[in-house]
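Numbered continuously in the working numbering, the sequence shown closes out at residue 443.
Glycine is no exception: its CB is placed at the ideal position from the N, C-alpha and C atoms.
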Amino acid sequence: MSYLVKNYNRKKISFFRGKGSYLFSTNGKKYLDFVQGIAVNSLGHANPKLVQVLKNQSKKIWHVSNAFIIPEGEMLAKKIAKKTFADFVMFQNSGAEATEAAIKCARRYFYSIGKPEKNKILCVKNSFHGRTIAAIHASGSKKMTEGFGPKVKGFDHFVFGDHKSFLNKITKNTAAIMIETIMGEGGIKVVPDWCLKEIRKICDKKKILLILDEVQCGIGRTGDFFAFEKSKVKPDIVPIAKGIGGGFPVGAVLMNKKVASAMTAGTHGTTFGGNPLAMSISNKVFDIISDKKFLKNVRLRSTYFHDELRKLKNKYPKIIDEIRGRGFLIGIKLVVDQTKFIKKLMDNRLLTIRAAENVVRVLPPLNVNKKEIDQAIKIIEVVCKTF
Ligand SMILES: Cc1ncc(COP(=O)(O)O)c(C=O)c1O
């Protein structure tokens, strides 16, 4: 009997230890973990460098209120500002909190310049920005909002890939466009670079802010620190989470100077966000992942993985329909049943996770090695053969 609320359909398995790309279950099995807590353990399980930081910091100080200066957070914000588009950073605890705060920043900006009527956020229908009341309405999916009325106003939606629907939904009240640079839960759908550029142009022309949700696709996952970097587009606001904590709950909203100027004292706050324990770990994660050599390696290894997966797709066209994604944010769109395929992968000791559109999501740690990729490819082929 479990006393946990049944809001998850949990698989009947649990793990007592993790090391790098592997998980060890309580029933004595070793799994290749290509879920990594859904793109969270960016440096694998129990990364020794992170363990060391955690140990050291835990003996010094865990938590103080944001009412005081937190040097570890100051340090990380400075590093982020020096290395990315951002001028300022506001730390949170999770992705949903970061997207919510991003929405607040956009609205507050227009309020601060005397245009409070510009308060609507334009999002992709059936996207994913988290599970809070505002975030589910931002996502605009019936499945997520059903039963959680009344509807939260202030969100409009357009259809992914439909330029006309996008243009039609922009009004004089639109404050911001919020999109995932690569849709994760929605089926690993990449917004092409030319499209991001076009969206930026429209935002500039119509004086709309651009929010790029990089909670899942950011922090080195695509081989660039942010997925949008390849397009050379500069967003105004970027919520992040997942990979930046390497397994410790951390979220943040990154923003440019003009947006940050609206977030004066008292406009937003958090008890836990940016505490010394979270920040010391996150500093280490940032140092490792933002390193050029590390990112180059992500690009090399992930290109190899994509090439091998494409070979499988060509060999088994009746099983695999398409290989999607970029870097280590990979989607295998299937012809056959997704649930059965994922179960068979798991029976063969490879952990993956579903996404919409019959896609199997594959999210190895960013420091995965070639041998582990080869092992995954072998297992995927074994499963293809069983269909
Ligand atoms: C793009 C995106 N935004 C926001 C979230 C919400 O993050 P969290 O689950 O940490 O609240 C997620 C989580 O999957 C996500 O993929």
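- In the DSSP assignment, residue 81 falls within the beta strand (DSSP E) that extends over 78 to 81.
- In the structure shown, residue 273 falls within a coil segment according to DSSP collapsed to helix, strand and coil.
- The C-alpha of residue 416 lies about 21 Å from the C-alpha of residue 187.
- Boundaries around residue 437 are those of the alpha helix (DSSP H), 426 to 442, since no beta strand (DSSP E) includes it.
- Taking 8 Å as the cut-off, the beta carbon of residue 162 is found no closer than this to the beta carbon of residue 275.
- According to the DSSP assignment, residue 89 belongs to the beta strand (DSSP E) that extends over 86 to 89.
- Per DSSP, reduced to three states, the secondary structure at residue 302 is strand.
- Between the alpha carbons of residue 170 and residue 164 lies a distance of about 10 Å.
- It is roughly 12 Å from the alpha-carbon of residue 216 to the alpha-carbon of residue 252.
- With a threshold of 7 Å, the Cβ atom of residue 244 does not count as near ligand 1, since no heavy atom of the ligand is closer than that.
- In its chain, beyond the 5 residues on either side, 365, 376, 379, 415, 416, 418 have a beta carbon closer than 7 Å to the beta carbon of residue 388.
- In the DSSP assignment, residue 230 falls within the unbroken beta strand (DSSP E) covering 230 to 236.
- C-alpha of residue 102 to C-alpha of residue 167: approximately 44 Å in a straight line.
- In this structure residue 119 is exposed. Its beta-carbon is surrounded by fewer than 16 other beta-carbon atoms within 10 angstroms.
- Taken atom to atom, the span from the alpha-carbon of residue 405 to that of residue 96 is near 20 Å.
- In the structure shown, the three-state DSSP call for residue 366 is helix.
- When secondary structure is reduced to three states using DSSP, residue 260 falls in the helix class.
- The beta carbons of residue 295 and residue 133 sit no closer together than 8 Å.
- With respect to the 8 Å criterion, residue 99 and residue 302 are classified as neighbours on the basis of their beta carbons.
- In the DSSP assignment, residue 384 forms no beta bridge with any residue.
- DSSP links residue 415 through a beta bridge to 389, 411.
- Remark: the shortest separation between the CB of residue 297 and any heavy atom of ligand 1 falls under 7 Å.
- According to DSSP, residue pairing for residue 146 in a beta bridge involves 309.
- Relative to residue 300, the option among 319, 93, 85 whose CA is nearest is 93.
- With 16 or more other Cβ atoms from the protein chains shown falling within 10 Å of its own Cβ, residue 185 counts as buried.
- A direct Cα-to-Cα measurement between residue 355 and residue 363 gives close to 12 Å.
- Taking a C-beta distance under 8 Å as the contact criterion, residue 146 and residue 194 do not qualify as a contact pair.
- Ranking 90, 88, 71 by CA distance to the CA of residue 81 puts 71 first.
- In the three-state scheme derived from DSSP, where H, G and I count as helix and E and B as strand, residue 205 is classed as coil.
- At least one heavy atom of ligand 1 is found less than 7 Å from the C-beta of residue 240.
- Taken atom to atom, the span from the alpha-carbon of residue 213 to that of residue 385 is near 25 Å.
- Rounded to the nearest whole angstrom, the C-alpha separation of residue 225 and residue 112 is 51 Å.
- Listed in chain order, the non-local C-beta contacts of residue 78 below 8 Å within the same chain comprise 86, 87, 88, 89, 101, local neighbours out to five positions each way being set aside.
- Taking the C-beta atoms as reference points, residue 122 is found no nearer than 8 Å to residue 174.
- Relative to the Cα of residue 339, the nearest Cα in the group 199, 401, 218, 304 belongs to 304.
- Rounded to the nearest angstrom, the gap between the Cα atoms of residue 129 and residue 336 is 8 Å.
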